[in-house]
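Q: First residue of the sequence shown: 0, per numbering that gives the first Met the number 0; consecutive thereafter.
Glycine residues also receive a C-beta, built at the ideal position from the N, C-alpha and C atoms.
Note that the structure is predicted; figures quoted are calculated from it, not measured.
Take this structure, written in structure tokens, and hold onto it; I'll ask about it next.
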Amino acid sequence: MRERGGALLTALVAIMVLLLISGVFFTFINQQFKMETSEEKGLKAYYLAEAGINYGVVAVRQNPSEYFAVPYLNQATKLSGMPLTGPFGTAYGGSFNVSVQTDDSNAKDYSVVVTSVGTYNGFQRTLREKYQFPK
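And the structure:
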């Protein structure tokens, strides 16, 4: 005698197994997407901090007498207009905040330490670079 419903039971088990596999696959893809999004935001914050370093160096190079004046020597000075929001347009978002610390102890060269904090969607990256250029 043949058992009735055997094919139905087999089909249901196969569907359940396929649903389980697709659920695991979907969860894996979703986690991977979240991780890539976090990396992307961190990279954008890093690039904003790097742009801030360049912004600070250019500001000091264009007007060294302002940053090497007596009241600002050997102390961190926040650049005016900081934080600079949306330096690459509103579509990019983010901001950077730059401060410079000057050191006039070297008679030949200007010495500057530029610190920049890039912020993008709650992610922050801080860079600090030291530059020397002739007086």
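Are LEU78 and ALA50 closer than 8 angstroms when you measure CB to CB?
A: Taking 8 angstroms as the Cβ cut-off, LEU78 and ALA50 do not qualify as a contacting pair.
Q: Look at the Cβ atom of ARG135, then the Cβ atom of ALA44, and state whether they are nearer than 8 angstroms.
A: This structure gives no information on residue 135, because the portion of the chain shown stretches from 0 to 134.
Q: Hey, how far is the Cα of PHE27 from the Cα of THR36?
A: In a straight line, the C-alpha of PHE27 is about 14 angstroms away from that of THR36.
Q: Around the Cβ of ALA90, are there at least 16 other Cβ atoms within 10 angstroms (buried) or fewer (exposed)?
A: By the neighbour-count rule (16 or more Cβ atoms within 10 Å), ALA90 is not buried but exposed.
Q: Checking the sheet assignment: what are the DSSP bridge partners for GLU128?
A: Paired residues: VAL113.
Q: Inspect the beta-carbon positions of LYS129 and TYR109 and report whether they are closer than 8 angstroms.
A: Their beta carbons are not under 8 angstroms apart, which means LYS129 does not touch TYR109 by this criterion.
Q: If we call anything under 8 angstroms between Cβ atoms a contact, is THR114 one with SER94?
A: No, the pair does not count as a contact, with Cβ atoms beyond the cut-off.
Q: Give me the Cβ distance between TYR119 and LEU11, rounded to the nearest whole Å; I'm assuming they're in contact under 8 angstroms.
A: The pair is not a contact, with the Cβ atoms about 49 angstroms apart (cut-off 8 angstroms).
Q: Taking the CB atoms as reference points, tell me whether PHE132 and LYS40 lie closer together than 8 angstroms.
A: Their beta carbons are not under 8 angstroms apart, which means PHE132 does not touch LYS40 by this criterion.
Q: Going by DSSP, what residues sit across from PHE95 in a beta bridge?
A: According to DSSP, PHE95 bridges with LEU83 and GLY117.
Q: Taking the straight line between their C-alpha atoms, what separation do you get for VAL157 and LYS107?
A: Residue coverage of the chain in this structure runs from 0 to 134, which leaves residue 157 outside it and unanswerable.
Q: Which partner residues does LYS77 have in the DSSP bridge list?
A: Bridge partners of LYS77: SER98.
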